[in-house]
Amino acid sequence: MADYQAPLRDMRFVLNEVFDAPALWASLPKVAENVDPDTADAILEEAGKITSGVLAPLNREGDEQGCKWNDGDVSTPEGFREAYQTIVEGGWNGLGGNPEFGGMGMPKTLVAQFEEMMQAANMAFGLAPMLTAGACLALDAHGSQELKEKYLPNMYAGTWSGAMDLTEPHAGTDLGIIRTKAEPNGDGSFSVTGTKIFITWGEHDMAENIIHLVLAKLPDAPKGPKGISLFLVPKFAVNEDGSLGERNSLSCGSLEKKMGIKGSATCVMNFDGARGWLVGEENKGLAAMFTMMNYERLGVGIQGVGAAEASLQSAREYALERIQSRAPTGAQQPEKAADPILVHPDVRRMLLTMKGYVEGGRAFSTYVAQWLDIAKYSDDDERRKHAEGMVALLTPVAKAFLTDRGLDACIMGQQVFGGHGFIREWGQEQLVRDCRITQIYEGTNGIQALDLMGRKVVGSQGKLYELFAEDVATFIEENSSDENLRPYLEPLAAAFERLSDVTEHVIKQAGDNPDAVGAASVDYLDLFGLTALGYMWAKMVKVAAPKADGDTSGFYTGKVKSARFYFDRLLPKTVALAEGIRSGSDSMMALTAEEF
Numbered sequence: 086m087a088d089y090q091a092p093l094r095d096m097r098f099v100l101n102e103v104f105d106a107p108a109l110w111a112s113l114p115k116v117a118e119n120v121d122p123d124t125a126d127a128i129l130e131e132a133g134k135i136t137s138g139v140l141a142p143l144n145r146e147g148d149e150q151g152c153k154w155n156d157g158d159v160s161t162p163e164g165f166r167e168a169y170q171t172i173v174e175g176g177w178n179g180l181g182g183n184p185e186f187g188g189m190g191m192p193k194t195l196v197a198q199f200e201e202m203m204q205a206a207n208m209a210f211g212l213a214p215m216l217t218a219g220a221c222l223a224l225d226a227h228g229s230q231e232l233k234e235k236y237l238p239n240m241y242a243g244t245w246s247g248a249m250d251l252t253e254p255h256a257g258t259d260l261g262i263i264r265t266k267a268e269p270n271g272d273g274s275f276s277v278t279g280t281k282i283f284i285t286w287g288e289h290d291m292a293e294n295i296i297h298l299v300l301a302k303l304p305d306a307p308k309g310p311k312g313i314s315l316f317l318v319p320k321f322a323v324n325e326d327g328s329l330g331e332r333n334s335l336s337c338g339s340l341e342k343k344m345g346i347k348g349s350a351t352c353v354m355n356f357d358g359a360r361g362w363l364v365g366e367e368n369k370g371l372a373a374m375f376t377m378m379n380y381e382r383l384g385v386g387i388q389g390v391g392a393a394e395a396s397l398q399s400a401r402e403y404a405l406e407r408i409q410s411r412a413p414t415g416a417q418q419p420e421k422a423a424d425p426i427l428v429h430p431d432v433r434r435m436l437l438t439m440k441g442y443v444e445g446g447r448a449f450s451t452y453v454a455q456w457l458d459i460a461k462y463s464d465d466d467e468r469r470k471h472a473e474g475m476v477a478l479l480t481p482v483a484k485a486f487l488t489d490r491g492l493d494a495c496i497m498g499q500q501v502f503g504g505h506g507f508i509r510e511w512g513q514e515q516l517v518r519d520c521r522i523t524q525i526y527e528g529t530n531g532i533q534a535l536d537l538m539g540r541k542v543v544g545s546q547g548k549l550y551e552l553f554a555e556d557v558a559t560f561i562e563e564n565s566s567d568e569n570l571r572p573y574l575e576p577l578a579a580a581f582e583r584l585s586d587v588t589e590h591v592i593k594q595a596g597d598n599p600d601a602v603g604a605a606s607v608d609y610l611d612l613f614g615l616t617a618l619g620y621m622w623a624k625m626v627k628v629a630a631p632k633a634d635g636d637t638s639g640f641y642t643g644k645v646k647s648a649r650f651y652f653d654r655l656l657p658k659t660v661a662l663a664e665g666i667r668s669g670s671d672s673m674m675a676l677t678a679e680e681f
């Protein structure tokens with residue numbers, strides 16, 4: 086299996102050439118004071134070294150050893166503690182954190198590249214910094230000044246890690262029915278009691294303290310999601326001087342035995358009157374949680390891209406080295422017993438499909454990160470509001486489409502290896518197992534599709550969709566005279582028109598048919614994602630095509646040819662998706678329960 090190497094050339098292309106991130110950062114004063122092009126480039130370079138050299142070599146052993154539970158204590162795979170120290174000593178835990186409390190204040194457009202490298206190199210390990218960053222986001226946005234001063238510096242430093250405790254045995258998507266309770270103690274603290282499941286890195290031996298953000302209900306809370314509050318519950322109490330005190334009344338009851346990401350600890354957490362503190366307002370816990378959800382859901386989408394990138398690197402190397410049969414056009418390497426399998430059209434189909442989703446997905450995740458940066462840092466109210474609308478619309482697409490296609494790509498990478506792809510030593514089967522969870526956690530992809538179609542598109546009567554539509558239409562119009570882009574703009578415009586038509590169609594259907602949204606949602610998200618990646622590939626061609634002449638490296642010529650494949654073979658899938666959506670819900674809802 087190929088050793089993972091961070092795709093720095095493509096990341097720099099996306100950041101600097103496609104999106105001109107340095108200009109974006111310069112337009113945001115709160116970002117400009119923390120980052121410039123040289124700093125960003127140095128961060129990318131160092132991130133590549135750490136993820137490729139430190140995290141990637143631990144990936145397979147972490148999968149084989151897994152975490153171990155012993156009477157409530159959890160030990161991590163060999164090498165994880167040392168790798169964690171390397172990460173925290175380099176300041177990577179606080180890369181995007183608030184500088185007021187010790188974070189580095191880097192923009193999400195840059196942080197997203199590091200996140201992809203980390204997740205591609207070792208997804209199980211990468212979940213620990215990812216969960217801490219999410220907890221920090223929620224605490225920084227909604228916590229009191231006292232809580233932020235007391236907890237954020239050590240969390241950014243990595244001395245303490247973070248965990249998000251949402252799910253219960255009977256309550257996954259429907260958090261309104263959680264049973265965890267929080268009783269006021271009369272001194273500003275609360276006693277939290279209940280059981281949470283599927284808590285990623287809820288217990289481990291890498292950090293001195295673990296700060297849990299726990300969803301629970303107050304005694305007089307309204308029923309349903311409007312009665313949920315958010316509480317900070319540390320594993321160890323924190324004394325006034327910042328030192329650690331007694332162990333809190335919480336424990337890890339067991340570790341889940343799971344399909345993938347085995348190097349991470351997925352915990353059952355029991356809270357037995359554990360002392361905690363309210364984060365944000367009473368009964369507004371979901372709002373506080375959703376502050377970090379947009380970042381976390383993009384982060385999960387990036388996991389899909391990262392896993393697919395790792396799979397692509399191995400499959401590409403294998404296709405260049407493995408010899409089987411002769412090319413249809415005749416021997417390409419007659420001095421050998423057979424030709425490399427790269428000569429076969431079907432192998433090229435798989436590799437180019439992977440490339441289309443990986444490189445298009447990287448561009449799309451950066452595109453969404455750009456809107457997150459504007460929404461968070463812009464001083465212009467109108468610009469910020471526009472960005473917030475784009476984030477709301479695009480987040481479910483980033484989470485679901487990038488992870489669905491990420492798994493598809495990992496399976497194709499496995500298929501390139503044939504029988505060897507099914508064998509442990511080549512690493513492809515682990516990527517398939519690890520990537521599978523990305524479609525499930527942080528809100529299943531079916532829920533993401535419902536969120537996109539129901540809440541964002543139909544719920545806004547198309548107004549949020551119009552923000553994206555305007556962006557794509559402006560690009561097409563502004564580049565209509567570009568000869569290099571003309572072969573791409575026509576199919577992009579057709580797919581975009583298709584997407585707009587079915588958007589209007591479902592909005593109309595939803596007024597009379599309560600099943601219309603659910604019946605259309607998954608196909609609609611796929612149609613949206615394919616069109617959005619088509620838009621990304623067109624943006625990449627705009628930059629690459631003028632530089633392709635005389636390109637001795639093959640980077641720009643390869644980019645243009647890969648775009649041609651995407652437009653010829655992948656974007657046409659939008660035709661079938663649109664037809665399926667237009668068919669409505671009748672055939673989907675016709676069977677009785679007995680007929681199933």
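Converting from the sequence shown to the working numbering requires adding 85 to each position, the first position being numbered 1. Heads up, the beta-carbon is just placed ideally off N, CA and C, and yes, glycines get one too.
Q) Using the beta-carbon count (16 or more within 10 Å), is A416 buried or exposed? A) exposed
Q.
Using a 10 Å radius around the Cβ and a threshold of 16 neighbouring Cβ atoms, would you call M240 buried or exposed?
A. buried
Q.
Just verifying my parser: in three-state terms, what is the DSSP assignment at P319?
A. strand
Q. Roughly how many angstroms separate the alpha carbons of R433 and G164, rounded to a whole number?
A. 37 Å
Q. Which stretch, first to last residue, makes up the alpha helix (DSSP H) that contains W28?
A. Only positions 86 to 681 of the chain appear in this structure, which leaves residue 28 out of reach.
Q) How would you call M55, buried or exposed, if buried means at least 16 neighbouring beta carbons within 10 angstroms? A) Since the first residue shown for the chain is 86 and the last is 681, residue 55 is missing from the structure and cannot be characterised.
Q: Mind listing, in chain order, the continuous alpha helix (DSSP H) runs of no fewer than 4 residues lying wholly within the segment 578-631?
A: none
Q) If L363 sits next to F316, beta carbons under 8 Å apart, how far is it from one beta carbon to the other, in whole angstroms? A) 6 Å
Q: Taking all protein chains shown into account, decide if V353 is buried (16 or more other Cβ within 10 angstroms of its Cβ) or exposed.
A: buried
Q: Buried or exposed for L487, please, with buried defined as at least 16 other CB atoms from any protein chain shown within 10 angstroms of its CB.
A: buried
Q.
Buried or exposed, going by whether 16 or more other CB atoms sit within 10 Å of the CB of K134?
A. exposed
Q.
For L329 and T244, I'd like the C-alpha separation in whole angstroms.
A. 12 Å
Q: In the DSSP assignment, find the unbroken beta strand (DSSP E) run with N183 in it and report its ends.
A: Premise fails: N183 is in no beta strand (DSSP E) and is neither H nor E.
Q: Kindly list the residues whose CB is nearer than 7 Å to the CB of E473, restricted to its own chain and excluding five residues on each side of it in sequence; keep chain order.
A: A460
Q. Among L618, W511, Q198, which residue has its Cα nearest to the Cα of N144?
A. W511
Q. G665 to K302, Cα distance in whole Å?
A. 42 Å
(Q) Is it the case that the segment 143-157 contacts the segment 194-208, given that we only count it when at least three CB pairs across the two stretches are under 8 Å? (A) yes
Q | Reduced DSSP secondary structure (H/G/I, E/B, other) of P576 | A | helix
Q: Taking all protein chains shown into account, decide if D121 is buried (16 or more other Cβ within 10 angstroms of its Cβ) or exposed.
A: exposed
Q) Going straight from the alpha carbon of E527 to that of A578, what length do you get? A) 32 Å
Q.
Less than 8 Å between the beta carbons of A601 and S670, yes or no?
A. yes
Q | Within the segment 512-567, ranges of the alpha helix (DSSP H) (whole runs, at least 4 residues) | A | 513-521, 530-535, 548-563
Q.
Please classify M344 as buried or exposed, where buried requires at least 16 neighbouring CB atoms within 10 angstroms.
A. exposed
Q. Which same chain residues, not among the five before or five after P92, have their C-beta less than 7 Å away from its C-beta?
A. E394
Q) Can the beta-carbon of Q683 be found closer than 8 Å to that of S349? A) Residue 683 lies beyond the residue range present for the chain, which begins at 86 and ends at 681; the question has no answer from this structure.
Q: Would you mind reading off the limits of the beta strand (DSSP E) that contains M354?
A: 351-364
**Q.** Identified DSSP bridge partners for P481
**A.** Beta-bridge pairing links P481 to no other residue.
Q) For L535, does the count of other Cβ atoms within 10 angstroms reach 16, so buried, or fall short, so exposed? A) buried
Q: With distances taken Cα to Cα, identify the nearest neighbour of A87 among C520, T523, L516.
A: L516
Q: Indicate the three-state DSSP secondary structure (helix, strand or coil) for W245 in the structure shown.
A: strand
Q) Which of the three DSSP states, helix, strand or coil, is assigned to F375? A) helix
**Q.** Proximity winner among A220, L224, E234, S399, relative to Q90 (alpha-carbon distances)
**A.** S399
Q) Roughly how many angstroms lie between the CA atoms of Y26 and P114, to the nearest whole one? A) Residue 26 is absent from the structure shown; the chain starts at 86 and stops at 681.
Q.
Rounded to whole angstroms, what is the Cα-Cα separation between I263 and A256?
A. 6 Å
Q) For P192, which option in D653, N119, K484 has the closest C-alpha, if you only look at C-alpha atoms? A) N119
**Q.** CA nearest to the CA of A661, picked from G338, P631, V587
**A.** V587
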